[in-house]
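Chemist: Mind looking over this structure? Questions follow.
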Amino acid sequence: MSISSITPINGLIEGFYWSASNAVNGEYDFFTKRQRDQLIASMNYEINYYFHCPQDREDDQFTMKLWNAQKTADWSDTVSKASNVSIVIGLRPRWIGTVQNSLESIRLKLTQLASIGIRYYILCWDDTPGAGTIAQMTLQKDLIDALVRQVTNIELIGIIPAYYARSQISDATNIAWANQLSILNQIPSHIRFFVTGATIVPSSIRISDIPSLVNRQFIFFDNWIAVDSNSKVTMTWPPNRDPAIYKANQSVSGSVLNLAYPPERIIHQIYALKQRINNRYSNINSYLAAEFWAIYLVKNGFYEWHSLEQLKNNLKSLIDHGYETNSKIIQQYPFLQGIFTN
1 MSISSITPIN
11 GLIEGFYWSA
21 SNAVNGEYDF
31 FTKRQRDQLI
41 ASMNYEINYY
51 FHCPQDREDD
61 QFTMKLWNAQ
71 KTADWSDTVS
81 KASNVSIVIG
91 LRPRWIGTVQ
101 NSLESIRLKL
111 TQLASIGIRY
121 YILCWDDTPG
131 AGTIAQMTLQ
141 KDLIDALVRQ
151 VTNIELIGII
161 PAYYARSQIS
171 DATNIAWANQ
181 LSILNQIPSH
191 IRFFVTGATI
201 VPSSIRISDI
211 PSLVNRQFIF
221 FDNWIAVDSN
231 SKVTMTWPPN
241 RDPAIYKANQ
251 SVSGSVLNLA
261 YPPERIIHQI
271 YALKQRINNR
281 YSNINSYLAA
291 EFWAIYLVKN
301 GFYEWHSLEQ
311 LKNNLKSLID
321 HGYETNSKII
331 QQYPFLQGIF
341 TN
């Protein structure tokens with residue numbers, strides 16, 4: 001059950017909560033079950049972890065609430081079909097009043113998750129007001145220690161700390177960043193830290209961009225494509241990703257790609273992630289990416305099979321030209337309006 005320290009964690013993450021003002025075809029909040037199942041099916045053996053970790057709201061801490069019967073059944077079905085992919089749920093404890101109160105609420109949620117076959121979870125304090133104080137990080141450490149001791153049927157594999165980017169530190173150096181993480185570095189060494197690197201949306205990531213902490217591995221949280229607008233899509237590949245970050249022989253031992261909404265608009269980026277994980281950089285080109293994207297769209301009912309060649313040609317040209325607004329894409333490729341119309 002436990003993930004070995006020599007095993008990289010590379011995956012996709014639902015790390016955002018989309019507003020009603022950015023709805024697509026009337027849908028917002030999270031991916032639908034259908035969208036999520038389609039994405040997971042496309043991951044196969046090459047991307048092994050799918051994280052559901054949306055940002056919640058101060059007035060609605062929904063990640064900590066128990067699912068109703070329908071949502072529990074939906075997630076149970078998703079887990080049962082994801083035979084080659086591990087589902088990881090992100091919980092957001094936010095402000096900790098007492099360790100005991102937070103522990104009890106988290107234990108209830110973890111019992112539900114474990115009952116449907118979910119084996120892993122992470123705790124997230126990114127963008128949580130006050131979470132980066134010494135007092136709160138000390139409570140976070142104590143909470144994590146208690147969870148590891150008392151909950152054994154589901155594993156805590158990582159945390160997103162309040163200081164998840166070097167740019168959040170006034171003295172933006174790795175030494176200062178490491179100092180800010182020193183309290184949390186006292187938690188069990190198998191728990192990995194999810195961080196974005198030098199900035200929140202870095203154009204470059206190298207091993208040296210991450211602070212060196214004793215007995216701690218990091219996961220690169222890649223925000224490159226995670227736009228929060230329904231009128232824009234990231235067409236360009238993430239630049240300057242050090243191949244070493246996708247392996248487990250360094251302090252950085254994997255990467256998770258934060259997704260955009262809706263998923264059918266960013267399938268080429270998932271294709272490129274597969275190639276980076278498996279060191280097939282020569283395969284990251286518009287022709288092969290468009291083919292993967294087109295097959296995904298046809299297979300999942302967005303287009304008919306007889307339109308596959310036209311779809312591949314349009315998508316290849318779109319990637320080559322790098323248009324990134326819906327209006328420009330539809331103007332240049334009317335055939336693609338089915339996936340780029342809100």
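According to full-length UniProt numbering, the sequence shown is numbered sequentially starting from 1.
Even for Gly, the Cβ is constructed at its ideal location relative to N, Cα and C.
(1) Using the rule of at least 16 other Cβ atoms within 10 Å of the residue's Cβ for burial, across every protein chain shown, is Ser-2 buried or exposed?
(2) Which residues bound the beta strand (DSSP E) around His-52?
(3) At 4 residues or longer, what runs of the alpha helix (DSSP H) sit wholly inside the segment 55 to 118?
(4) What do you reckon, are the CB atoms on Gly-130 and Tyr-163 nearer than 7 Å?
(5) For the segment 241 to 307, list the alpha helix (DSSP H) runs that are entirely contained and at least 4 residues long, ordered along the chain.
(6) Thinking Asp-37 and Lys-109 are a contact (beta carbons under 8 Å), I'd like their distance in whole angstroms, please.
(7) Please say whether Ser-253 and residue 372 have beta carbons closer to each other than 7 Å?
(8) Any idea if Val-214 is buried or exposed, counting beta-carbon neighbours within 10 angstroms, 16 or more meaning buried?
(9) Can you tell me whether Gly-158 is helix, strand or coil according to DSSP?
(10) Which of the three DSSP states is assigned to Leu-143 in this structure?
(11) Let me make sure I understand the geometry here. Which of Leu-184, Phe-16, Gln-140 and Gln-70 has the alpha-carbon closest to that of Gln-55?
(12) Determine the burial state of Ala-69: buried for a count of at least 16 other Cβ atoms within 10 Å of its Cβ, exposed for fewer.
(13) What residue range does the beta strand (DSSP E) around Ile-330 cover?
(14) Of the residues Ser-307, Gln-140 and Tyr-45, which one's Cα is nearest the Cα of Ile-295?
(15) According to the neighbour-count rule (16 or more other Cβ atoms, all chains shown, within 10 Å of its Cβ), is Ala-73 buried or exposed?
(16) Assign Asp-222 to one of three DSSP states: helix, strand, or coil.
(17) Kindly indicate which three-state DSSP category Glu-309 falls into: helix, strand or coil?
(18) Given this structure, state the Cα-to-Cα distance separating Val-24 from Asn-283, to the nearest angstrom.
(19) Roughly how many angstroms separate the alpha carbons of Glu-27 and Cys-53, rounded to a whole number?
(20) Let me know if Trp-75 comes out buried or exposed under the rule of 16 or more other beta-carbons within 10 Å of its beta-carbon.
(21) Output the boundary residues of the alpha helix (DSSP H) element that contains Ile-122.
(22) Going straight from the alpha carbon of Ile-116 to that of Thr-78, what length do you get?
(23) Does the beta-carbon of Ile-284, which I'm using as the reference point, lie nearer than 6 Å to any heavy atom of the ligand FAD?
(24) Taking the alpha-carbon of Leu-123 as reference, which of Gln-269, Ile-277 and Phe-194 has the nearest alpha-carbon?
(25) Cα separation between Glu-324 and Trp-224?
(26) Could you check if Gln-140 is buried or exposed, using at least 16 other CB atoms within 10 Å of its CB as the buried criterion?
(27) Considering only their Cβ atoms, is the gap separating Gln-180 from Ile-187 smaller than 7 Å?
(28) Could you please give the first and the last residue of the uninterrupted alpha helix (DSSP H) stretch that includes Arg-34?
(29) Using a Cβ-Cβ cut-off of 7 Å (strictly less than) and excluding sequence neighbours within five positions of Pro-8, which residues of its own chain qualify?
(30) Compute the Euclidean distance between the alpha carbons of Trp-18 and Val-233, then round it to the nearest angstrom.
(31) What do you reckon, are the CB atoms on Thr-236 and Ile-183 nearer than 7 Å?
Modeler: The short version:
(1) exposed
(2) 49 to 52
(3) 69 to 81 and 99 to 115
(4) no
(5) 267 to 277 and 286 to 299
(6) 22 Å between Cβ atoms; not a contact.
(7) Only positions 1 to 342 of the chain appear in the structure, and residue 372 is not among them; the question remains open.
(8) exposed
(9) strand
(10) helix
(11) Phe-16
(12) exposed
(13) From DSSP, Ile-330 is part of no beta strand (DSSP E) but of the alpha helix (DSSP H) over 326 to 332.
(14) Ser-307
(15) exposed
(16) strand
(17) helix
(18) 31 Å
(19) 18 Å
(20) buried
(21) Ile-122 -> not in any alpha helix (DSSP H); beta strand (DSSP E) instead, spanning 120 to 124.
(22) 10 Å
(23) As presented, the structure is devoid of all ligands, the ligand FAD included, so that no description of it is given.
(24) Phe-194
(25) 13 Å
(26) buried
(27) no
(28) 33 to 43
(29) Tyr-246, Lys-247, Ala-248, Ser-253 and Gly-254
(30) 14 Å
(31) no
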